[in-house]
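In this text, residue positions in the sequence shown follow the working numbering: the first is 2, and each later residue adds one.
Virtual Cβ for every residue (Gly too), placed ideally from N, Cα, C.
Here is the structure we will look at.
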Amino acid sequence: IIGYILPAFQASVTEPMFHDVLLYVSNVTPPLSNHDLCRLCVMLPLLSTSISSCGRCDHLCGMLIDLLVPLANFAFSGNNKRAQEDAAECLFCIIGKHQAQDADQCASIKVLSESILPELKQSMDRLEQGPSNAAVSSVKNTLKLASVLGSAAAVRGNSSTKVANDIAKFLMELAIKGQSQLPYVKESAQIQFGYEYGPKLCLSAATAFGALLSVESKNPLWVQRLTYIASKALAVEELRQSRTNFVGQVSVASYVIVHGTLTGIPKTLLSDVVGVAVAGLKALSDPDHPADVGTEAEVWLAGIVILMMQQQHEIVKHIGKIVPSLLRLLCGAHAIGSKTIALQILCLMLVVVDESSVLLVSRPAIESVLAMLIDHPSIEFRELVIATRNQWLTYG
């Protein structure tokens, strides 16, 4: 029901209503009973809508800032996913839009140091004691919340830009190396993913980094700086020889390609980023041990699409690896979304590759695989296969 109420509430919300909702939520304090949880499930969407709809209210900034840590604690400890998402949305709006403009320190530092990062450290300590799905879930939630705070800090800019940089670097190092120093905590502490859960957690850290990099209203110079830092990290020779954190490395490279700015980085670094993305495609299509990355596979493939469109001179060097990988992916038991993007890449090749001889060598194998896919049960996919096959049949 609340979903139907929100549009009407958003159209009519006023500053006094905003104050009343904020006061109501502030008075619901831990420990939460089932009744308190029900109240928050109703009121948090209203608070989120109020915060995003109303302009910055200076006389309410103090109350909003005081609510940050309780909201963060609820966001990773509650058992209602929708209410947790609303709490995270409140965090984003408060930090991004409702801090005093002359504040010397970003309010997200307090949330990180008192709530999110200590919870992350405790969850990692529990994992070191033995396998725990609850601890893994907690790590993923705290990484996601750290990304929300970093995104909000990036939107606000000013004194919050350094916080956005620190969170982005922290998430990036966790994804690429599997370890990083915790920022903004009183005692020096390092997070290191173990072997058993390493790939899953590296992937979660990369996803959180990608969410931060894709935030709207971001500073282009900030994005370019992050792109350079991530590209430089991916170019480390010792790192590229390690396969422990491979899925995190490919995901970071893919998010940098999709949401970053590749035009400003040196050619050597660009070559390394492209190489990681192509290696990811090869691993994804491995018939014996395919990379198990779920929906992240579409991000990996989207990275190849962007490279085809924007960095033709670099991607054509890897056509000999890309074509067999795409054909294995199309023949394998992959999601139809991934296969659809693979067909798009095959079509793009005909446009961006100047040397026809390179493509003509691959045409028989491509036509053979596409002919087998014509009997696919999905009508829409069959139509895409036929269109792609016709383009290849008429090429050259």
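Between the beta-carbon of V237 and that of A278 there is about 16 Å, and that puts the pair past the 8 Å contact cut.
G195 is classed as exposed because its beta carbon has fewer than 16 other beta carbons within 10 Å across all chains shown.
By DSSP's assignment, S379 forms no beta bridge with any residue. In this structure, I305 and L282 form a Cβ contact; the two beta carbons are roughly 6 Å apart against a cut-off of 8 Å. Taken atom to atom, the span from the alpha-carbon of T143 to that of Q130 is near 19 Å.
Where I192 is concerned, there is no enclosing alpha helix (DSSP H), although the beta strand (DSSP E) around it starts and stops at Q191 to Q193. If you ignore the 5 residues before and after L385, its C-beta comes within less than 8 Å of the C-beta of T341 and L344, all in its own chain and listed in chain order.
Residue pairing by DSSP puts Q182 in a beta bridge opposite Q191. Collapsing the DSSP output to three states places L69 in a helix. If you draw a straight line from the Cα of S124 to the Cα of Y5, it is about 37 Å long. At a cut-off of 4 residues, the continuous stretches assigned as alpha helix (DSSP H) that sit fully inside the region 94-127 are 109-112.
In the three-state reduction of the DSSP assignment, G295 falls in the coil class, being assigned neither a helical nor a strand state. For Y25, the enclosing alpha helix (DSSP H) begins and ends at E16 to S27. If you keep only unbroken alpha helix (DSSP H) runs of at least 4 residues inside the region 311-374, you get 313-316, 320-332, 337-353 and 357-374. Boundaries of the alpha helix (DSSP H) harbouring H36: N35 to S54, taken from the DSSP string. Relative to A147, the option among V352, A372, S51 and D167 whose CA is nearest is D167. Scanning the region 150-178 for uninterrupted alpha helix (DSSP H) segments of 4 residues or longer gives 162-178, listed from N- to C-terminal end. Non-local C-beta neighbours of E174 in its own chain, meaning closer than 6 Å and more than five positions away in sequence, comprise S181, ordered along the chain.
Closest by C-alpha distance to G276, out of I316, A206 and S205, is I316. Every candidate beta strand (DSSP E) stretch fails here, since none sits fully inside the region 213-240 while reaching 3 residues.
If you look at I258, you'll find it in the alpha helix (DSSP H) that goes F247 to H260. Check the Cα spacing between I110 and each of Y256, M373 and V149: the tightest is with V149. Here S152 has L213 and V216 as same chain residues with Cβ atoms under 6 Å from its own Cβ, once five neighbours each way along the sequence are excluded.
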